[in-house]
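Here's the structure, in structure tokens; my notes come after.
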Amino acid sequence: MESAWMEDLPDWLQILLTVVIAIAAAVVVHRAIVFLLRRMARRTATNADDLLLARFIGPARWLLIAVALSFVQPLIPLSAAAQTAWSRLSGLLVPALIGWLAIALLGAINDIVQDRADISVADNLRARRRRTRAGILYRVGLFVVLLITFCMMLMSIPSVRNIGVTLIASAGLAGLAVGAAAQPALKNLIAGIQMAFTEPIRLDDVVIMDGEWGRIEEIRLTYVVINLWDERRLIVPVSKFLENSFQNWTRQTSQLLGTVLWYLDPSADIARLRDKLGEIVKANARWDGRFFNMQVTDAKPDTIEVRALVTARDASTAFDLRCDVREALLAFIAREMPEALPRRRLENAGVLYPPPKGEGDRA
189 MESAWMEDLP
199 DWLQILLTVV
209 IAIAAAVVVH
219 RAIVFLLRRM
229 ARRTATNADD
239 LLLARFIGPA
249 RWLLIAVALS
259 FVQPLIPLSA
269 AAQTAWSRLS
279 GLLVPALIGW
289 LAIALLGAIN
299 DIVQDRADIS
309 VADNLRARRR
319 RTRAGILYRV
329 GLFVVLLITF
339 CMMLMSIPSV
349 RNIGVTLIAS
359 AGLAGLAVGA
369 AAQPALKNLI
379 AGIQMAFTEP
389 IRLDDVVIMD
399 GEWGRIEEIR
409 LTYVVINLWD
419 ERRLIVPVSK
429 FLENSFQNWT
439 RQTSQLLGTV
449 LWYLDPSADI
459 ARLRDKLGEI
469 VKANARWDGR
479 FFNMQVTDAK
489 PDTIEVRALV
499 TARDASTAFD
509 LRCDVREALL
519 AFIAREMPEA
529 LPRRRLENAG
539 VLYPPPKGEG
549 DRA
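Here it is, written out as structure tokens:
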């Protein structure tokens, strides 16, 4: 009776009702499945299932709608032209949905890796390595999936497929032309893939590039963003990190040895200054307790170069520690040891140290 009732309706209304019922059924099934999966995810201790669910909710909804429409398509009275249009549309939508699902899977894997790699801990070298590799491989996979999806969608169009077969004969020349035009982009793309495995830099690494000090903020397929110390951003092509030399202060560990220099008078009491340095460093919370020392590293006619080495847990802390030590020791010298401040000496000792009053008259 139901089918007879539907047959009494106009064709356009039959098509509309069938499509609406199919979409509504798909949405209801989708919501029921999502509700059950969310309840199951709440009972687990890990966050991975929540991340997977968040990524797959959107693609799964449209995939269920596409499946529902494919089931009811034989029940819809379509003309020959409409059937052709339906098949063409399906040929475009099916690869798009498959590509969307693949992208969602890649994104979920990347989210899980990023969630499990905690870079807020003190020794975050392994976490930064995992985050960097996952981020680069995710972007490479995203590029490949989009390229394959686009090609599949084009191949579903007969006219485009025929043109592609015709152009195969000239593919060699076209490939040479495209390769020559896209050489910089391809160079950086290949360098980005290479960087994922060689790892010359990682996220949050402290580097010096082109004389600029900063942290690696983003690593894209073709460029790297460095957050400089004064909050500027330096954009560097990926290939530059593989072709040119640069300083990486956190390659093996985030711990760093900092240098502090003073230029003092040659008569300065180094042993006394060394003892004071120990008091200053040990009282500073930024010192990591590993090492410190003081040495005279150079001597000039009027001054000596005094160097202190102090250690800290990372580059930013080491910079602040160096400033603290420099200021504290300078204050001590000015207050307790002014004779250690550099001064110029003249050859005529009488100018620097004049004879006592009356001594010249007796002479």
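So the sequence shown is numbered by the numbering used here: it starts at 189 and just counts up by one. Ideal placement from N, C-alpha and C gives every residue a C-beta, glycine not left out. All values derive from a computational prediction rather than experimental measurement.
With 16 as the cutoff for other CB atoms within 10 Å, does residue i come out buried or exposed?
{"i": "isoleucine 300", "result": "buried"}
{"i": "arginine 316", "result": "buried"}
{"i": "valine 366", "result": "Because valine 366 carries a pLDDT of 48, less than 50, the predicted location of this residue cannot be relied on, and the following value inherits that uncertainty. Per the 10 Å Cβ criterion, exposed."}
{"i": "methionine 383", "result": "buried"}
{"i": "phenylalanine 259", "result": "exposed"}
{"i": "phenylalanine 429", "result": "buried"}
{"i": "glycine 399", "result": "exposed"}
{"i": "glycine 246", "result": "exposed"}
{"i": "arginine 230", "result": "exposed"}
{"i": "arginine 402", "result": "Looking at the sequence provided, one finds glycine at residue 402 rather than arginine. That one is buried."}
{"i": "threonine 320", "result": "buried"}
{"i": "asparagine 432", "result": "exposed"}
{"i": "leucine 201", "result": "exposed"}
{"i": "leucine 518", "result": "exposed"}
{"i": "arginine 314", "result": "exposed"}
{"i": "glycine 477", "result": "exposed"}
{"i": "aspartate 512", "result": "buried"}
{"i": "isoleucine 324", "result": "buried"}
{"i": "leucine 204", "result": "exposed"}
{"i": "serine 267", "result": "exposed"}
{"i": "glycine 294", "result": "Residue 294 is actually leucine in this sequence, not glycine. Leucine 294 comes out buried."}
{"i": "alanine 220", "result": "exposed"}
Please go through the same chain and pick out, in chain order, the residues whose beta-carbon is closer than 6 Å to the beta-carbon of residue i, but skip the five residues on each side of it.
{"i": "phenylalanine 479", "result": "Thr499"}
{"i": "leucine 257", "result": "Ala210"}
{"i": "alanine 459", "result": "none"}
{"i": "methionine 482", "result": "Arg462, Leu465 and Ala496"}
{"i": "phenylalanine 244", "result": "Ala292"}
{"i": "alanine 359", "result": "Reliability of the predicted coordinates at alanine 359 is poor, the pLDDT of 48 falling under 50, and the value obtained from them is presented with this limitation in mind. Here the set comprises nothing."}
{"i": "alanine 145", "result": "Since the displayed the chain opens at 189 and closes at 551, residue 145 lies outside it and no answer follows."}
{"i": "asparagine 298", "result": "Ala322 and Tyr326"}
{"i": "threonine 232", "result": "none"}
{"i": "serine 278", "result": "none"}
{"i": "valine 215", "result": "none"}
{"i": "glutamate 406", "result": "Val413"}
Among the residues of its own chain, which have a CB less than 8 Å from the CB of residue i, if the five just before and after it don't count?
{"i": "arginine 532", "result": "Asp490"}
{"i": "arginine 276", "result": "Ser344 and Ile345"}
{"i": "isoleucine 492", "result": "Tyr451, Leu452, Asp453, Pro454, Ala456, Val484 and Asp486"}
{"i": "tryptophan 250", "result": "Leu285 and Trp288"}
{"i": "alanine 213", "result": "Ala256"}
{"i": "valine 529", "result": "The sequence as given places leucine at residue 529; valine does not occur at that position. Answer for leucine 529: Leu452, Asp453, Ile521 and Ala522, listed in chain order."}
{"i": "leucine 334", "result": "Gly287 and Ile291"}
{"i": "threonine 386", "result": "Leu430"}
Measure the Cβ-Cβ separation of residue i and residue j and say whether it is below 8 Å.
{"i": "threonine 485", "j": "arginine 495", "result": "yes"}
{"i": "threonine 337", "j": "alanine 284", "result": "yes"}
{"i": "isoleucine 291", "j": "leucine 330", "result": "yes"}
{"i": "valine 469", "j": "glutamine 435", "result": "no"}
{"i": "arginine 420", "j": "isoleucine 404", "result": "no"}
{"i": "arginine 168", "j": "valine 448", "result": "Summary: the structure shown does not reach residue 168, with the chain confined to residues 189 through 551, and so no result is reported for it."}
{"i": "threonine 410", "j": "proline 425", "result": "yes"}
{"i": "arginine 408", "j": "arginine 327", "result": "yes"}
{"i": "leucine 444", "j": "alanine 503", "result": "yes"}
{"i": "methionine 341", "j": "leucine 280", "result": "yes"}
{"i": "arginine 226", "j": "leucine 241", "result": "yes"}
{"i": "alanine 273", "j": "glutamine 302", "result": "no"}
{"i": "arginine 554", "j": "glycine 446", "result": "For the chain, the structure presents residues 189 to 551; residue 554 sits outside this window and is missing."}
For residue i, collect the residues of the same chain with a Cβ closer than 7 Å to its Cβ; drop the 5 residues on either side in sequence, then sort them by chain order.
{"i": "valine 217", "result": "Leu252"}
{"i": "threonine 206", "result": "Val260, Leu263 and Ile264"}
{"i": "aspartate 508", "result": "Arg474"}
{"i": "valine 222", "result": "Ile245"}
{"i": "isoleucine 381", "result": "Val328"}
{"i": "glutamate 553", "result": "In the structure as shown, the chain begins at 189 and stops at 551. Residue 553 is therefore absent and cannot be evaluated."}
{"i": "isoleucine 423", "result": "Tyr411 and Val413"}
{"i": "alanine 305", "result": "Ala315, Arg318 and Arg319"}
So with Cβ pairs under 8 Å, would you call residue i a contact of chain D?
{"i": "proline 262", "result": "Among the chains of the structure shown, chain D does not appear; only one protein chain is present."}
### Task
For the stretch 439-446 and the stretch 415-429, state whether three or more C-beta atom pairs, one from each stretch, are separated by less than 8 Å.
Proximity of the stretch 439-446 to the stretch 415-429 falls short of the contact definition, fewer than three beta-carbon pairs being nearer than 8 Å.
#### Entry: Contained alpha helix (DSSP H) runs [length at least 4] in the stretch 458-483, N- to C-terminal order
For the stretch 458-483, whole alpha helix (DSSP H) runs of length 4 or above, ordered along the chain, are 458-471.
### Message
If we require 4 or more residues per run, which alpha helix (DSSP H) segments fall completely within the stretch 212-299?
### Response
You should have 236-260.
### Message
To test your reading of the DSSP string, which unbroken alpha helix (DSSP H) runs of 4 or more residues are found completely within the stretch 422-464?
### Response
You should have 426-431.
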